[in-house]
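Student:
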Amino acid sequence: MKTESSDEALRDGVAARERAEGAAASPSTASTLPARRSRAGSWHVMRNRDYALLFWGQMVSSAGTQMRAVALLWQIYLVSHSNVAVGALGLVQAIPRLALSLLGGVFADALDRKRMLLVINVSLAVTSAVLALTTIFHIINLPIIYAVALASSALSAFEFPTRQAIVPTLVTRAELSDALSLNMVSMQLTSIVATALGGFMIAWIGLASTYWFDALSYLVVVAALLAMVVPALAAAQRAKVGVEAFAEGWRFLQAHPIILASLSLDFFATFFGSPRALLPFYATNVYHTGAAGLGVLLAATSIGAVALAPLTGRIGRFRRQGLGVVLAVIGWGVAIVLFGLAPGWLWLGVAFLAIAGAADMVSMILRGIIVQLTSPDELRGRMSAVSSMFTIGGPMLGQFESGVVAAILTPELSVVGGGLATIAATLLIAAKVPVLLKSRLQ
């Protein structure tokens, strides 16, 4: 692999695109931008009305989604008392994400993105309503849960790349790293509150009410989208649904190995090192807590991520993004190993998961910058789809992997072995793709 020439081509491509898009600010604008950042940090991007609408709408929706995720894990464990059954949820969710994400990316580059999001969010609200109704009438079972999860995941395969492709059109290029950082912080903050609250909601008002809240949260996104003005791609830039659209995306990935390498790091980290499917076991048998304890454990990684919120601006401006991703993923693996080796004290387990979450936050910000700054607007849907396949497919498949390993060995060995495998995979990728360690994007 010609790593040096690939790195040079990457930098030249980014610079050329900046000139073509007129990304350089005028002298007066450039002189005020640092001052604005110093006073408001990443929050200055909220001055963009349409971005703010999408941000707050998505934040409410994410809260509902996190609560539903806790409810699904807990309901499956109550029905089956099986780590494999809980892990199988990840497999069911991963199949459509991996099979349909690229198609979703092509649609995001070919169709009206705003209309797509409206249709998808209404459909997702219906899936949560189905869970609520089947729970109320006591007819819910594993096949129904898996079928609804499959349908929701298929819809999400189209929603994620479409939403990701919209964000860069709502802010300036100079604001993009701040917008991505703010998105990450809000996602993690929502995860803390909503995941922990989801556990308490299940204990207080039941599973059905949790599903109803998620259904209503999607309507908030619908309202925000209706109020937004989303710039449309020019007809000449829109992809045509077909084999050539896939081929164009694949050629772009081949020309920019840093994207594929950084996404591979995240995939292996979450495939081997995510203990999510085993947290119901830990809450019940290691820490001896119920649904409330599960909510705290699920929120722990987000607690660590949000602890880095004051530093997100600095993280976003770290020039060697690839090196930063490598170090962050190694940090994740070490923290997961320590979680698996820790004694049965809830606070200590939460602490190690929080450290893992802080490392993951760094990785997410830098990885997002790599993908968005390297991708032209007409390919952002497809590149976001590829990102989705890796960053969301990894943890979903990882749930199944960890559940199976736990059934064969023990849950503790599954967690520790997964952390060690994450470290080994990271070192191997860094050695195979040295451009990842050398690249500098601006």
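First residue of the sequence shown? That's 32 in the working numbering, and the numbers climb one at a time after it.
Where a beta carbon is used, it is the ideal one built from N, C-alpha and C, also for glycine.
(1) Is it buried or exposed, Leu148, if we count other Cβ atoms within 10 angstroms and call 16 or more buried?
(2) Going straight from the alpha carbon of Val393 to that of His169, what length do you get?
(3) Output needed for Ala258: all residues of its chain with C-beta closer than 7 Å, excluding positions within five of it in sequence on either side, in chain order.
(4) Counting pairs of beta carbons, one from the stretch 226 to 233 and one from the stretch 178 to 185, are three or more of them closer than 8 Å?
(5) Check this for me: beta carbons of Leu211 and Gly399, under 8 Å apart or not?
(6) Is Leu467 near Leu384, with beta carbons less than 8 Å apart?
(7) Please find out if some non-hydrogen atom of the ligand NAP comes closer than 7 Å to the beta-carbon of Thr203.
(8) What do you get for Asn316, buried or exposed, if any count of 16 or more other CB atoms within 10 angstroms of its CB means buried?
(9) From this set, Pro306, Thr301 and Gly335, which residue's C-alpha is nearest Met539's C-alpha?
(10) To the nearest angstrom, how far is the alpha carbon of Gly371 from that of Leu181?
(11) Between Ile107 and Ala234, what straight-line distance do the alpha-carbon atoms span, to the nearest angstrom?
(12) Out of His287, Gly375, Ala292 and Leu354, which one is the CA nearest neighbour of Gly324?
(13) Do you know offhand how far Leu379's Cα is from Ala139's?
(14) Does the distance from the C-beta atom of Val360 to that of Thr422 stay below 8 Å?
(15) Does the Cβ of Arg99 have 16 or more other Cβ atoms within 10 Å, making it buried, or fewer, making it exposed?
(16) Leaving out the 5 sequence neighbours to the left and right, which residues in its chain are closer than 6 Å to Met414 when beta-carbon positions are compared?
(17) Taking Val356 as the reference, which of Ala196, Ser433, Thr165 and Phe298 has the closest Cα?
(18) Can Ser433 and Ala255 be called in contact, C-beta distance under 8 Å?
(19) With distances taken from CA atoms, which of Gly364, Gln352, Leu162 and Leu377 is nearest His319?
(20) If you draw a straight line from the C-alpha of Leu64 to the C-alpha of Val76, how long is it?
(21) Can you grab the Cα-Cα spacing for the pair Thr158 / Arg144, in whole Å?
(22) Give the secondary structure of Gly230 by DSSP, where H, G and I count as helix, E and B as strand, and everything else as coil.
(23) Ser248 and Val464: beta carbons closer than 8 Å?
(24) Here's a check: name, in chain order, each residue in its chain whose Cβ is nearer than 6 Å to the Cβ of Ile171, leaving out the five neighbours to either side.
(25) Have a look at Gln285 and Leu444 and give me their C-alpha separation to the nearest angstrom.
(26) Using a threshold of 8 Å, state whether the C-beta atoms of Gly304 and Trp363 are closer than that.
(27) Report the three-state DSSP secondary structure of Ser318 (helix, strand or coil).
(28) Please specify which runs of the alpha helix (DSSP H), each continuous and at least 4 residues long, are wholly inside the stretch 111 to 158, giving them in chain order.
(29) Thinking C-alpha only, which one of Leu104, Pro192 and Thr193 is nearest Tyr177?
(30) Nearest CA to the CA of Arg78: which residue from Leu201, Thr193, Ala389 and Ser113?
(31) With a threshold of 7 Å on Cβ separation, who are the neighbours of Ser293 within its own chain once the five nearest residues in sequence on each side are excluded?
Tutor: In brief:
(1) buried
(2) 43 Å
(3) Leu84
(4) no
(5) yes
(6) no
(7) This structure lacks the ligand NAP, and indeed carries no ligand of any kind.
(8) exposed
(9) Any answer about residue 539 is impossible in this case: the structure gives the chain only from 32 up to 473.
(10) 30 Å
(11) 15 Å
(12) Gly375
(13) 43 Å
(14) no
(15) buried
(16) Val402 and Ser406
(17) Phe298
(18) no
(19) Leu377
(20) The predicted position of Leu64 is uncertain, since its pLDDT is 39 and thus under 50; no value can be drawn from it.
(21) 21 Å
(22) helix
(23) no
(24) Thr165
(25) 37 Å
(26) yes
(27) One point to set straight first is that residue 318 is Tyr, not Ser, in the sequence displayed. Correct three-state label for Tyr318: coil.
(28) 114 to 141
(29) Leu104
(30) Leu201
(31) Gly353, Val356, Arg398, Ile401 and Leu467
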